[in-house]
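**Student:** This is the structure, below, for whatever I ask next.
2 protein chains.
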Amino acid sequence: MFNDILEAAACIIERDGLGGVSTNAVAETAGVSIGSLYQYFPNQIAILAELTRRERELLRGGISGVALKREDASLDHAVEDMIKAAVVHQLARPRLARELDFAEASLDLIPKTELMGDDIISSVAAMLRRHAYPRADEAAQDLVSMAKGMIDAAGLAGETDAAALSARVRRAALGYLRY
Amino acid sequence: MFNDILEAAACIIERDGLGGVSTNAVAETAGVSIGSLYQYFPNQIAILAELTRRERELLRGGISGVALKREDASLDHAVEDMIKAAVVHQLARPRLARELDFAEASLDLIPKTELMGDDIISSVAAMLRRHAYPRADEAAQDLVSMAKGMIDAAGLAGETDAAALSARVRRAALGYLRY
DNA sequence: GTCTATACGCGGATAGAC
DNA sequence: GTCTATCCGCGTATAGAC
């Protein structure tokens, strides 16, 4: 039920964007009444916040999983693996990912202490530091934002070839790090 | 008057994001009544569309101006100059740029034939082709999206040093092209 | 716990006076 | 051409029956 509501919101976002997310639409899509919806979530924002939290957790898990599995990997391989994880995740539901990113940044309704984006950047920064890369925090922000930009645009354009896209993001990322 | 309304909308977006843009708020901020507003714009969308068109025109002008002025420049220099133009433009009003980008992509309310984003990508692609760079269209999309991603994130984080940011975007772009 | 019905406010848009 | 006043629909949220 709880999950049905979240998935309904996700589907609406994929079809109509954030603007289509009304409590009525979510309830109807989820197959429950508006009254029931409010027994699971105190308000509309809470739905978006929880959805964002879950999606971000998936991405964060994939990325830090890669980082932990191969602590001995070279910097290039670590970056490559992280990019692959990000591409696969983001291409799975491109519009959803894009709209939620925007929601998080614009409607700052997710507790600031728990900012998800920072979490992922921190993982990347930690990886860079492990390889003694200078200015790790700055570089991590740049890597994440360039990758996000490229992947969002590719998803919006309808690209589906994760391998090809990963390779291109890799060129930008490794080029940035080496230059 | 026309311009007052557009500037009012821009200010509201900078302060409250797209969600704060109501016709009432725009009219009040512009110092006109709601009735007068509707003599200049047929509806709310038209305001956002025209604002987007103007902002995009500024960026497009800066970028293609650079491209035309120095047709003899090397690929690296051409890319560098375009990046500088983009960074300067986007850092001038970071949140406005970011929100309008999202509005254009999500609320597809700007005539599809006149898609502004494609226009800029085409300029970049033409420049790449002039230098015989392979897969120019794909590369142009990647360059624009990685730059947009990095600049948006930097603007959101409050960065203001255009030179430093340009240098970092340049690393990613040239790294991508050379790799 | 789930429903229906409804109160309430806000925002888009128009009418019509001046 | 600019204003005020207003209509109308939509969306949030709650009340209260079952």
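Chains as they are written, first to last, in this note's numbering: chain A, 1 to 179; chain B, 180 to 358. The beta-carbon is built from N, C-alpha and C at its ideal position, and this holds for glycine as well. Keep in mind it's a predicted model, so treat the numbers as computed, not measured.
Straight-line CA distance for residue 306/B to residue 69/A?
**Tutor:** Approximately 42 Å between the Cα atoms of the pair.
**Student:** Shortest alpha-carbon distance to residue 83/A belongs to which of 166/A, 174/A and 178/A?
**Tutor:** The shortest Cα separation from residue 83/A among 166/A, 174/A and 178/A belongs to 166/A.
**Student:** Does the Cβ-Cβ distance between residue 204/B and residue 238/B come in under 8 Å?
**Tutor:** No; because the gap between Cβ atoms is not below 8 Å, this pair is not in contact.
**Student:** Grab the span of the alpha helix (DSSP H) containing residue 3/A for me, first residue to last.
**Tutor:** 2–16 is the extent of the alpha helix (DSSP H) around residue 3/A.
**Student:** Is any beta-carbon of chain B found at less than 8 Å from that of residue 142/A?
**Tutor:** Yes, because at least one Cβ of chain B sits closer than 8 Å to the Cβ of residue 142/A.
**Student:** Could you tell me the alpha carbon to alpha carbon distance between residue 163/B and residue 75/A, rounded to whole angstroms?
**Tutor:** In the structure as shown, chain B begins at 180 and stops at 358. Residue 163/B is therefore absent and cannot be evaluated.
**Student:** Pull up the distance between the alpha-carbon of residue 49/A and that of residue 19/A, whole angstroms please.
**Tutor:** Their backbone Cα atoms lie some 15 Å apart in a straight line.
**Student:** Going along chain A, which residues have a C-beta under 8 Å from residue 336/B?
**Tutor:** Within 8 Å Cβ-Cβ: 141.
**Student:** Flag this pair as touching only if the region 180–187 of chain B and the region 214–227 of chain B have three or more C-beta atom pairs under 8 Å; answer yes or no.
**Tutor:** Judged by Cβ distances under 8 Å, the region 180–187 of chain B makes contact with the region 214–227 of chain B, as three or more pairs qualify.
**Student:** Mind pulling the chain A residues with CB within less than 7 Å of residue 189/B?
**Tutor:** By Cβ distance, chain A contributes nothing, its closest Cβ being about 15 Å from residue 189/B, past 7 Å.
**Student:** Counting only runs of 4+ residues fully inside the region 218–261 of chain B, write out the alpha helix (DSSP H) ranges in chain order.
**Tutor:** Fully enclosed alpha helix (DSSP H) runs of 4 or longer: 223–248.
**Student:** The alpha helix (DSSP H) spanning residue 28/A covers which residue range?
**Tutor:** 23–30 is the span of the alpha helix (DSSP H), which, as asked, contains residue 28/A.
**Student:** Taking CB distances under 8 Å as the criterion, tell me whether residue 357/B reaches chain A.
**Tutor:** Yes, residue 357/B counts as interfacial toward chain A.
**Student:** Which same chain residues end up closer than 6 Å to residue 310/B when comparing Cβ atoms and leaving out the 5 residues on each side of it in sequence?
**Tutor:** 254, listed in sequence order.
**Student:** Using CA coordinates, which residue listed in 93/A, 145/A, 57/A and 32/A is at the minimum distance from residue 13/A?
**Tutor:** Residue 93/A is the option with its Cα nearest to residue 13/A.
**Student:** Quick test of your reading: residue 283/B and residue 231/B, contact by CB under 8 Å. State the CB separation rounded to the nearest angstrom.
**Tutor:** Confirmed, Cβ separation roughly 6 Å.
**Student:** At what residue ranges does the region 89–174 of chain A contain a whole run of the alpha helix (DSSP H), taking only runs of 4 or more?
**Tutor:** List check, alpha helix (DSSP H) in window: 94–106, 116–130 and 136–156.
**Student:** Given that a residue counts as buried once 16 or more other Cβ atoms are within 10 Å of its Cβ, and exposed if not, what is residue 89/A?
**Tutor:** When all chains shown are included, residue 89/A counts as buried.
**Student:** By DSSP, does residue 33/A sit in helix, in strand, or in coil?
**Tutor:** If DSSP states are grouped into helix, strand and coil, residue 33/A belongs with coil.
**Student:** Rounded to whole angstroms, what is the Cα-Cα separation between residue 160/A and residue 17/A?
**Tutor:** Near 20 Å, if we compare the C-alpha coordinates of residue 17/A and residue 160/A.
**Student:** With 9 Å as the C-beta to C-beta threshold (strictly closer), list the residues of the region 78–102 of chain A near chain B in chain order.
**Tutor:** Listed by position along the chain: 95, 98, 99 and 102.
**Student:** In this structure, how does DSSP classify residue 358/B when only helix, strand and coil are distinguished?
**Tutor:** Three-state DSSP puts residue 358/B in coil, outside helix and strand.
**Student:** Whose CA, out of 286/B, 322/B, 223/B and 188/B, lies closest to the CA of residue 210/B?
**Tutor:** Closest by alpha carbon: 188/B.
**Student:** Against residue 152/A, what residues of chain B qualify as contacts under a CB-to-CB distance less than 8 Å, listed in chain order?
**Tutor:** Here the neighbours are 324 and 328.
**Student:** Would residue 146/A and residue 172/A be called neighbours here (beta carbons separated by less than 8 Å)?
**Tutor:** In contact: residue 146/A and residue 172/A (Cβ atoms closer than 8 Å).
**Student:** Since residue 55/A contacts residue 107/A with CB under 8 Å, what's their CB separation in whole angstroms?
**Tutor:** Not a contact, Cβ separation roughly 15 Å.
**Student:** Which residues in the same chain as residue 319/B place their Cβ atom closer than 7 Å to its Cβ, once the five residues preceding and following it in sequence are excluded?
**Tutor:** Answer for residue 319/B: 300, 303, 304 and 307, listed in chain order.
**Student:** Does any residue of chain B have a CB that is nearer than 8 Å to the CB of residue 106/A?
**Tutor:** Residue 106/A counts as touching chain B.
**Student:** Residue 22/A to residue 144/A, Cα distance in whole Å?
**Tutor:** Approximately 31 Å, taken between the alpha carbons.
**Student:** Any Cβ of chain A within less than 8 Å of the Cβ of residue 239/B?
**Tutor:** No, because no Cβ of chain A sits closer than 8 Å to the Cβ of residue 239/B.
**Student:** Which value, in whole angstroms, describes the spacing of the CA atoms of residue 179/A and residue 27/A?
**Tutor:** Roughly 51 Å between the two C-alpha positions.
**Student:** Who are the near neighbours of residue 245/B in its chain, counting only those whose CB is closer than 6 Å to its CB and skipping five residues on each side?
**Tutor:** Excluding sequence neighbours, residue 245/B sits near 260, 261 and 264.
**Student:** Name, please, each residue of chain B whose Cβ falls closer than 9 Å to the Cβ of residue 172/A.
**Tutor:** Residues of chain B passing the Cβ test: 321, 322, 325, 351, 352, 354, 355 and 358.
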